[in-house]
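Going by this note's numbering, the letters in the sequence shown line up with residues 622 to 699, in that order.
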Amino acid sequence: MTTMTTLTVNIKDRSSEQAAKAFLDKMGLEYSIGNTSEYNWWEDSTVIADLDKRSDDLKSGKDKGYSFADIKQELLNR
622 MTTMTTLTVN IKDRSSEQAA KAFLDKMGLE YSIGNTSEYN WWEDSTVIAD LDKRSDDLKS
682 GKDKGYSFAD IKQELLNR
């Protein structure tokens, strides 16, 4: 019976990824690579601009928003 061990490595730059893969190949180890990425919404200027506009609209009264009581009543009326 073969025992498998899972090893997770987070690599941020391409050259380090290539070096790690070369090392694993040299060792004769089987591996799989899952490419994942993060999305930092607070760094997305489009999202921030939209949030700023929504906030300004609520503060100015252009968008009245909804109170908890309004939402609760709407749900109870269904």
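Every residue gets a Cβ at the ideal spot worked out from N, C-alpha and C, and that includes glycine. These numbers come from a predicted model, not from an experiment.
**Prompt:** Quick one: what does DSSP say I654 is sitting in, helix, strand or coil?
**Reply:** In the sequence shown, residue 654 corresponds to position 33, counting from 1. In this structure, I654 counts as coil in the three-state DSSP scheme.
**Message:** Distance check for D678 and F689, CA to CA, integer angstroms please.
**Reply:** Taking the sequence shown and counting its residues from 1, one reaches residue 689 at position 68. Taking the sequence shown and counting its residues from 1, one reaches residue 678 at position 57. Looking at the backbone, the Cα of F689 and that of D678 are separated by about 19 Å.
**Inter-residue Cα distance where the pair is K683 and I669** = Your numbering for residue 683 matches position 62 in the sequence shown. Your numbering for residue 669 matches position 48 in the sequence shown. When rounded, the distance between both Cα atoms is 19 Å.
**Prompt:** Does DSSP put S666 in a helix, a strand or coil?
**Reply:** By one-based count along the sequence shown, residue 666 stands at place 45. Note: S666 maps to helix in three-state DSSP.
**Asked** M648 to T657, Cα distance in whole Å?
**Response** Position 27 of the sequence shown, counting from 1, holds the residue named residue 648. Position 36 of the sequence shown, counting from 1, holds the residue named residue 657. When only Cα atoms are considered, M648 and T657 end up about 25 Å apart.
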